[in-house]
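*Asks:* Here the sequence shown stands for residues -29 to -1, 1 to 327, numbered as in mature numbering (1 follows the signal peptide of the UniProt record, and there is no 0).
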Amino acid sequence: MSNRRRPQPGRLCASTLAVFVMLALNVQARPANISALKDKHPNSKEDNEILPPDHLNGVKMEMDGHLNKDFHQEVFLGKEMEEFEEDSEPRRNRKKLIEIFTKVDINKDRSVSAKEMQRWIMEKTEEHFQEAVKENKLSFRAVDPDGDGHVTWDEYRVKFLASKGFNEKEVAEKIKNNEELKVDEETQEVLESLKDRWFQADNPPADQLLNEEEFLSFLHPEHSRGMLRYMVKEIVRDLDQDGDGKLTLAEFISLPMGTVENQQAQDIDDDWVRERKKEFEEVIDANHDMIVTMEELEEYMDPMNEYNALNEAKQMIAVADENQNHNLELEEILKYSEYFTGSKLMDYARNVHEEF
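#1: On the CB-based measure, 16 or more other CB atoms within 10 Å of its CB, does residue 340 come out buried or exposed?
#2: Short of 7 Å in beta carbon distance, which residues of its chain neighbour Val114, apart from the five on each side in sequence? Order them along the chain.
#3: Taking the straight line between their C-alpha atoms, what separation do you get for residue 331 and Gly118?
#4: In terms of residue numbering, what span does the alpha helix (DSSP H) encompassing Arg128 cover?
#5: Going by CA-CA distance only, name the one from Ile304, Asn296, Val203, Ile288 that's closest to Ile255.
#6: Since I believe Glu250 is in contact with Leu38 (beta carbons under 8 Å), could you give me their beta-carbon distance rounded to a whole number of angstroms?
#7: Output needed for Arg65: all residues of its chain with C-beta closer than 6 Å, excluding positions within five of it in sequence on either side, in chain order.
#8: So what's Met32 in DSSP terms, helix, strand or just coil?
#9: Of the residues Pro192, Ile146, Arg112, which one's Cα is nearest the Cα of Asp173?
#10: Would Thr73 be called buried (16 or more neighbouring beta carbons within 10 Å of its own) or exposed?
#11: Assuming Pro61 and Arg168 are in contact, meaning their beta carbons sit under 8 Å apart, how far apart are those beta carbons, in whole angstroms?
#12: Starting from Asn279 and walking both ways along the alpha helix (DSSP H), at which residues does that stretch end?
#13: Leaving aside the five residues before and after Val42 along the sequence, list all residues of the same chain whose C-beta is less than 6 Å from its C-beta, in chain order.
#14: DSSP on Phe137, reduced to helix/strand/coil?
#15: Measure the alpha-carbon distance for Ile304 versus Phe311 and round it to whole angstroms.
#16: Going by other Cβ atoms of all chains shown within 10 Å of its Cβ, with 16 needed for buried, is Glu266 buried or exposed?
#17: Give the DSSP-derived three-state secondary structure of Val75 in the structure shown.
#18: Can you give the Cα-Cα distance for Val263 and Gly214, rounded to whole angstroms?
#19: Report, in whole angstroms, the separation of the C-beta atoms of Ile224 and Val207, which I expect to be a contact under 8 Å.
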């Protein structure tokens, strides 16, 4: 799939409007001057560290509704993804891939079945979960300055604006004194969306504070069924053109008007549409009625769904199963290494049996 990003139409839903009203009620006095609040040299390294990521490892769709182009590699390699760089030494990559094959092949029959691949996918997905938990500990520590184990919306808002280049002390003072923060429209929209998501992550009984576990759900909705459902609602809201709470094929593959400027762009769009259409018809639309409901999309998005993992395993095997025995042999995985690892192996079969 292409890396091309589709712009999402600006749409003000009821929840966003409610958040805007709450924000408006919470601020008083004179507006702060944006140039005075911004640091001259914002720490770009911190930028987005405490912002919920658009890309979630091991989840089939991005937060903005785009298909995850690296999904197959993420659920096959887990945290070892970074070891397979395009410019890595092919022999080293081949050796590493052989090692992975021997781990997937549990019964040691030198062939990987769908069940073995399913187990491996679930294991690699769990690795991504644990990595997210580890990163969350650091992020939570960064937004919990008093170390009391709970974060208020205002504490998070201060750290978020600081990561965007605002002066942290001045922002904290403005918020403490209930003075209005006059920020640019884009930042304001992000804050509104984040506040809505913040309260969604606040598990009952709601106390308007997030502990470390709730903060994990805030940053990584795949860790919470309730937040996963909220994420699905947001995706459907962005793609649903007729407002019926469901997605047709046309809605799922629609492209913005006027985005195709030349033949090259047209080819990219055609590939993008083809990939979306295939995923919609063959995977997401479980009952094949040409309508995707929120329930179907939620099942599709759930990274710990064992049935989905088995289907994914079968699809991954089908890509490289040249002898059509519904299993994968080492030679097949090596030949289709780019699909599984993102890197091509030259002379993929050379010395296979000696190394295996």
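Cβ atoms here follow ideal geometry from the backbone N, Cα and C, with glycine treated the same way.
*Replies:* So, from the listed chains and residues:
#1: As shown, the chain starts at -29 and ends at 327. That puts residue 340 outside it, with no answer to give.
#2: Along the sequence shown, one-based indexing puts residue 114 at 143. Within the same chain, Cβ atoms closer than 7 Å to the Cβ of Val114 are found at Ile21, Val122, Glu126, Tyr127, Lys130, the five residues on either side in sequence being excluded.
#3: As displayed, the chain neither begins before -29 nor continues past 327, which places residue 331 out of reach and without an answer.
#4: Counting from one through the sequence shown, the residue named residue 128 turns up at place 157. Note, Arg128: alpha helix (DSSP H), 124 to 134.
#5: Sequence index remark: in the sequence shown, residue 255 carries index 284 (1-based). Ranking Ile304, Asn296, Val203, Ile288 by CA distance to the CA of Ile255 puts Val203 first.
#6: Start at 1 with the first residue of the sequence shown, and residue 38 comes out as number 67. Start at 1 with the first residue of the sequence shown, and residue 250 comes out as number 279. About 6 Å separates the two Cβ atoms, so the contact holds.
#7: Start at 1 with the first residue of the sequence shown, and residue 65 comes out as number 94. Once the five neighbours on either side are set aside, the close Cβ partners of Arg65 are Leu316.
#8: Position 61 of the sequence shown holds residue 32. In this structure, Met32 counts as strand in the three-state DSSP scheme.
#9: The count along the sequence shown starts at 1 and reaches residue 173 at position 202. Sorting Pro192, Ile146, Arg112 by C-alpha distance to the C-alpha of Asp173 places Pro192 at the top.
#10: Taking the sequence shown and counting its residues from 1, the one referred to as residue 73 is at position 102. Here Thr73 is exposed, its C-beta having fewer than 16 other C-beta atoms within 10 Å.
#11: Here residue 61 is taken as the residue at index 90 of the sequence shown, counted from 1. Here residue 168 is taken as the residue at index 197 of the sequence shown, counted from 1. Between Arg168 and Pro61 the Cβ distance is about 43 Å, and since that is not below 8 Å, they are no contact.
#12: Along the sequence shown, one-based indexing puts residue 279 at 308. From DSSP, the alpha helix (DSSP H) with Asn279 extends over 277 to 291.
#13: Within the sequence shown, the letter at position 71 stands for residue 42. For the sequence presented, residue 42 should be read as Phe rather than Val. Excluding residues within five positions, the ones whose Cβ falls inside 6 Å are Lys31.
#14: Residue numbering aside, residue 137 sits at position 166 when the sequence shown is read from its first letter. Note: Phe137 maps to strand in three-state DSSP.
#15: Numbered from its first residue, the sequence shown carries residue 304 at position 333. Numbered from its first residue, the sequence shown carries residue 311 at position 340. Each residue's Cα considered, the two are about 7 Å apart.
#16: Taking the first residue of the sequence shown as 1, we reach residue 266 at position 295. By the Cβ-count criterion, Glu266 is exposed, with fewer than 16 other Cβ atoms from all chains shown falling within 10 Å of its own Cβ.
#17: In the sequence shown, the residue the question calls residue 75 occupies position 104. If DSSP states are grouped into helix, strand and coil, Val75 belongs with the helices.
#18: Here residue 263 is taken as the residue at index 292 of the sequence shown, counted from 1. Here residue 214 is taken as the residue at index 243 of the sequence shown, counted from 1. Going from the Cα of Val263 to the Cα of Gly214 covers about 13 Å.
#19: Taking the sequence shown and counting its residues from 1, the one referred to as residue 224 is at position 253. Taking the sequence shown and counting its residues from 1, the one referred to as residue 207 is at position 236. With 8 Å as the limit, Ile224 and Val207 do not qualify as a contact, their Cβ atoms being about 15 Å apart.
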